Structures are given as C-alpha cells and as structure tokens.
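K.L.:
I am attaching a structure below and will ask some questions about it afterwards.
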Amino acid sequence: MPLYSQVLVNVWTIGRDFTFWKDPLVFKPERFLSLNLDTRGQDFELIPFGAGRRICPGLPLALRMIPVMLGSLLNSFNWKLEAGIEPQALDMEEKFGITLAKARPLRAIPSPL
Numbered sequence: 058m059p060l061y062s063q064v065l066v067n068v069w070t071i072g073r074d075f076t077f078w079k080d081p082l083v084f085k086p087e088r089f090l091s092l093n094l095d096t097r098g099q100d101f102e103l104i105p106f107g108a109g110r111r112i113c114p115g116l117p118l119a120l121r122m123i124p125v126m127l128g129s130l131l132n133s134f135n136w137k138l139e140a141g142i143e144p145q146a147l148d149m150e151e152k153f154g155i156t157l158a159k160a161r162p163l164r165a166i167p168s169p170l
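What the sequence shown shows, in the working numbering, is residues 58 to 170, in sequence order.
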C-alpha cells in the first residue's frame, strides 16, 4: 500500500462476516447480550463506534446515556405499532451509507401511561 494512502474500513461487511457470526444477515439483537467483545475498537468483529484515532469522541457519553434515555422512554409511555402491523412483519432491512439506518422507518406510537 502506498505511503499516505487513505484506507476506508467497510464496517458493514465486517459486521456480516460468516466467520464471526451465525446467521449474520438475520436481525438477532439477542446475539449481543452474552458477548465479551470490546466495542471501543479493540475487537474488530464489532466496531460500532469506530477505532483508533478516529474513534467516536462521544463514546463514554453514549454508553452512559443511551440506556438511561431508552429506559426513560420505555418507562414513560405505552408503545404500539401502527394499525395493521404485526411485530413479525416488521421490515428490519438496512440502508447502506456512511451511517447505517433502517431502509424503512419504524413507526411506533407512544401513548401516556
């Protein structure tokens, strides 16, 4: 590789590597519950915050605040899907880009407790 080359890491492909994940193309969030991987860029099977000098500077804040905010939302509202949508029919397809987003937005409806 030539000196001063710019290298881009395809995180999307790494996250779907059959070498590391069983059924990597299937949405199974429970697979991460028992992992002993470092999400701070040391284990390259899972690098949601980047790695090295370019790692996300908000990582410590995100790791503390996301569970608090998610818990607050879940605790403060009753949640339901749009009329006519069953949980089994949810489309979990992703849209590839600089960030990874759902191809079609999830429409969950909060209502006061």
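All C-beta atoms in this analysis are idealised placements derived from N, C-alpha and C, irrespective of residue type, glycine included. Fair warning: this is a prediction, and the values are worked out from it, not measured in the lab.
Under 9 angstroms between the Cβ atoms of I30 and V68?
P.N.:
Since the first and last residues shown for the chain are 58 and 170, residue 30 lies out of range.
K.L.:
Considering only their Cβ atoms, is the gap separating P81 from F89 smaller than 9 angstroms?
P.N.:
Taking 9 angstroms as the Cβ cut-off, F89 and P81 do not qualify as a contacting pair.
K.L.:
At 4 residues or longer, and completely inside the stretch 107 to 163: list those alpha helix (DSSP H) runs for me, N to C.
P.N.:
Fully enclosed alpha helix (DSSP H) runs of 4 or longer: 116 to 133.
K.L.:
The beta strand (DSSP E) spanning I166 covers which residue range?
P.N.:
First-last of the beta strand (DSSP E) with I166: 165 to 169.
K.L.:
Compare the Cα-Cα distances from E150 to each of V83, L130, L116 and report the closest residue.
P.N.:
Comparing Cα-Cα distances from E150 to each of V83, L130, L116, the minimum goes to V83.
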